[in-house]
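A quick write-up on the structure given underneath.
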Amino acid sequence: MADFHSIYNRSMHDPEGFWAEAAAEIHWDKKWDRVLDDSNPPFYRWFPGAQLNTCYNAVDVHVENGRGDQLALIYDSPVTGSQRKISYRELRDLVARCAGALQSHGVAKGDRVIIYMPMVPEATIAMLACARIGAIHSVVFGGFAANELATRIDDAKPKMIVSASCGIEPGRVVEYKPLLDEAIDLSSHKPEHCIVVARPQATAALVAGRDLDWSDTLAAADPVDCVPVAATDPLYILYTSGTTGQPKGVVRDNGGHAVALKWSMKNIYDVDPGQVYWAASDVGWVVGHSYIVYAPLLQGCTTVMFEGKPVGTPDPGAFWRVIAEHGVEVMFTAPTAFRAIKKDDPDGEFISKYDLSKFRILFLAGERCDPDTLHWAEDKLKIPVIDHWWQTETGWAIAANCMGIEPAPVRPGSPTRAVPGYDVQVLDEEGREVAANDMGAISIKLPLPPGTLPTLWNNDARYRDSYLSRYDGYYLTGDAGYKDDDGYLWIMSRIDDVINVAGHRLSTGAMEEVLASHPDVAECAVIGAADTLKGQLPVGLVVLKSGVDRSPSEVLPELVKLMRDKIGPVAAFKQVTVVKRLPKTRSGKVLRATMRKIADGEDYTVPATIDDPAILTEITQSLSGLGYPKAG
Ligand code: COA
Ligand code: AMP
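Per my numbering, the sequence shown runs over residues 1 to 632.
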């Protein structure tokens with residue numbers, strides 16, 4: 001097996017040679033002029049001058065190379081009691097027809113298409129269909145409310161929206177069409193058409209002239225071929241939480257993305273063509289984009305789309321059933337899913353009911369992997385359990401144990417070392433690299449490797465301000481932590497207002513904007529408090545306007561509902577309390593970090609700049625009323 005250090009060092013000293021070699025695995029319609037365009041720092045472009053089609057590389061090429069009859073996608077849906085298996089040939093034909101339908105309704109290269117869908121094969125087909133004709137997709141997670149969808153419609157300005165009549169959550173059908181209609185009402189930009197997949201669980205009322213039925217539209221469409229696009233053209237926009245209510249539109253290009261993702265399948269995940277790979281996430285998140293759709297298909301694997309939960313659909317054996325039934329070799333999910341399974345089946349009794357002999361490696365990401373969860377999974381599954389760290393912006397792992405290069409000893413709580421291509425450094429306030437084991441801002445020296453964000457949609461200035469302005473020549477990840485003596489990274493916390501709830505990244509700033517919009521609220525703060533199942537949960541503290549004579553029992557449920565209506569159920573915002581005032585510094589900055597420490601039962605020092613230390617006692621009492629700090 002190749003030596004990790006020499007491969008990593010090569011990626012640092014000869015990035016262009018390194019990535020040009022990786023790029024040989026991709027089919028190009030035209031070769032690049034240069035591997036890396038570094039003429040306009042801090043903006044970098046990979047493979048300028050090259051042309052390719054991502055859909056061709058993910059689908060058609062495999063049919064042409066003899067994988068036409070191999071399964072490309074297995075849809076497994078315990079919530080509907082159904083399954084569907086689609087071969088590469090069938091996938092190509094479906095995608096070509098869907099692309100034809102988009103094109104015949106006016107979608108052209110460079111146009112945006114929003115995809116607001118549950119975990120059904122049509123979501124993958126629609127994404128690939130956009131890629132086929134050079135349209136830019138923007139998938140919006142189904143757990144977001146109409147307001148969030150509207151914000152994205154106004155930013156991306158889609159010509160078309162693809163949706164479905166409903167999603168299915170355990171115990172309830174979530175009708176998407178009313179949310180879609182409301183979002184279009186709220187947004188200033190209006191799409192020309194919506195294509196809606198009719199699911200038997202709910203009927204969608206179609207707006208005449210605007211809305212189209214998926215089946216009828218595809219049946220009437222002619223299949224179309226792949227259109228070559230520039231390597232630097234956007235493949236998709238994926239919105240992610242920032243520090244405000246305005247999400248950031250992370251742009252992904254075509255060329256660098258295809259190269260990096262294909263490279264990652266063998267080198268990080270140790271997966272070969274023909275093997276079954278399963279990422280138990282949602283197409284609405286980056287994990288879904290990269291590891292349900294693009295990477296496994298680029299590698300010629302069979303990918304699994306699972307419409308269910310780790311527990312309750314119907315039991316904590318759901319993951320093991322899918323692995324056994326479909327022959328999954330490598331799986332990827334979030335630690336929170338394992339915490340949910342462990343809670344319902346602490347002894348792992350469901351594991352022994354299934355034949356997991358093909359299952360080789362479990363990868364975890366999306367949030368910090370606590371050692372207890374890691375040990376439990378290792379102990380019960382008896383296979384390597386690999387934590388790895390990345391984010392929407394990078395699109396693939398920044399730090400991982402590269403199982404296809406040279407597995408390193410696992411250190412529980414650390415996602416191992418920087419992956420080839422990433423020069424990760426931990427910086428102090430002045431931008432100097434700190435000593436081993438010292439905490440700092442985890443940053444990546446520019447240029448970032450292929451596949452990572454070249455910019456934010458229509459907003460180079462925000463890209464620069466959010467990520468590149470803190471340290472000259474570095475990308476700021478927003479995470480804080482340290483490197484140990486052996487270069488293992490330890491990701492400990494965020495340096496901004498982003499929290500992580502059940503592996504979902506959410507903005508407390510956005511939640512505060514929602515609370516502040518309530519007519520009775522004068523001031524508010526939202527903090528992320530530790531939770532044994534979901535990692536963190538948002539907790540709201542509100543000060544009511546003077547003169548408001550309504551009781552907290554009237555106002556608080558309205559705030560919970562407002563959050564669900566404005567951000568969506570995924571915010572998991574259920575805990576909020578009224579306080580007389582918020583702790584602040586003398587200059588008026590709300591002391592959120594101190595309140596979080598109180599909620600988590602951590603020691604804290606009373607900040608010297610606090611305007612009135614007595615407030616902290618009141619806050620401690622209020623949080624205690626919500627059950628914080630929690631035991632264990
Ligand atoms: N559409 C509509 N609503 C959705 C939704 C969707 N696609 N996804 C989640 N929701 C709703 C849930 O029904 C829940 O609503 P409720 O408050 O009425 O119960 C709420 O959003 C919170 O969802 P979630 O945080 O996912 O909690 P949960 O209790 O339903 O499930 C876990 C908890 C741990 C089982 C679940 O979060 C999970 O499987 N997470 C694992 C992995 C993952 O997908 N990570 C993403 C990145 S890798
Ligand atoms: P997202 O963009 O939604 O994928 O969220 C990315 C953020 O989740 C990162 O910046 C981290 O804060 C956190 N995260 C993801 N994976 C890990 C991990 N393995 N360990 C610690 N934190 C993680």
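All C-beta atoms in this analysis are idealised placements derived from N, C-alpha and C, irrespective of residue type, glycine included.
- For Thr416, the shortest separation between its Cβ and any heavy atom of ligand 1 does not lie below 7 Å.
- Here the alpha carbon of Lys157 sits roughly 13 Å from the alpha carbon of Leu186.
- By the Cβ test, the region 244 to 253 is in contact with the region 509 to 526, since at least three Cβ pairs between them sit closer than 8 Å.
- Separation of the CB atoms of Ala164 and Glu122 is rounded to 7 Å, and the pair is thereby assigned contact status at 8 Å.
- For the options Asp38, Trp46 and Pro42, the alpha carbon positioned closest to that of Trp32 is the one of Trp46.
- Relative to the non-hydrogen atoms of ligand 2, the Cβ of Ala365 comes within a distance shorter than 7 Å of at least one.
- In the DSSP assignment, the residues bridged to Asp253 are Pro234.
- Distance from the CA of Leu476 to the CA of Asp484, rounded to the nearest whole angstrom, comes to 19 Å.
- The bridge partners DSSP lists for Lys85 are Ile74.
- Under the DSSP assignment, Leu149 falls in the alpha helix (DSSP H) whose first and last residues are Ala146 to Ala156.
- Within a 10 Å sphere around the beta-carbon of Asp486 sit fewer than 16 other beta-carbons, which makes this residue exposed.
- In the structure shown, Leu206 adopts coil according to DSSP, grouped into three states.
- Where Arg505 is concerned, the enclosing beta strand (DSSP E) starts and stops at His504 to Ser507.
- In this structure, Gly625 has its beta carbon at no less than 7 Å from each heavy atom of ligand 1.
- Under the three-state reduction of DSSP output, Ala198 falls in the coil class, being neither helix nor strand.
- Asp213 is bridged by DSSP to Val196.
- When only Cα atoms are considered, Cys166 and Tyr176 end up about 5 Å apart.
- Here Thr617 is exposed, its C-beta having fewer than 16 other C-beta atoms within 10 Å.
- Placement of the Cβ of Val410 at a distance of 7 Å or more from every heavy atom of ligand 2 is found.
- Per DSSP, the continuous alpha helix (DSSP H) segment holding His326 begins and ends at Ala318 to His326.
- Rounded to whole angstroms, Asp60 and Ser622 show a C-alpha spacing of 59 Å.
- Leu562 is not bridged by DSSP to any residue.
- Restricting attention to Asp93, Ala461, Asp460 and Ile442, the CA atom closest to the CA of Tyr471 is found in Ile442.
- The nearest non-hydrogen atom of ligand 2 is 7 Å or more from the C-beta of Ile133.
- Taking non-hydrogen atoms of ligand 2 into account, the C-beta of Gln391 is found less than 7 Å away from one of them.
- The Cβ atoms of Leu179 and Cys194 do not sit closer than 8 Å to each other.
- Gly134 is classed as buried because its beta carbon has at least 16 other beta carbons within 10 Å across all chains shown.
- Counting along the chain, the unbroken alpha helix (DSSP H) around Gly625 starts and ends at Ala614 to Gly625.
- Counting along the chain, the unbroken alpha helix (DSSP H) around Ser11 starts and ends at Phe4 to His13.
- Between the region 225 to 239 and the region 51 to 59 there are three or more inter-stretch CB-CB distances shorter than 8 Å, so the stretches are counted as touching.
- Taking C-beta atoms under 8 Å as the contact rule, Trp396 and Gly249 fail to qualify, at a distance of about 19 Å.
- Residue burial annotation: Gln83 is exposed, with fewer than 16 other C-beta atoms found within 10 angstroms of its C-beta.
- The three-state secondary structure of Leu541, taken from DSSP, is strand.
- For Arg417, the pairing in a beta bridge is given by DSSP as Ala400.
- Burial state of Asp253 is buried, judged by a 10 Å Cβ sphere holding 16 or more other Cβ atoms.
- Secondary structure at Glu513: helix, using DSSP grouped into helix, strand and coil.
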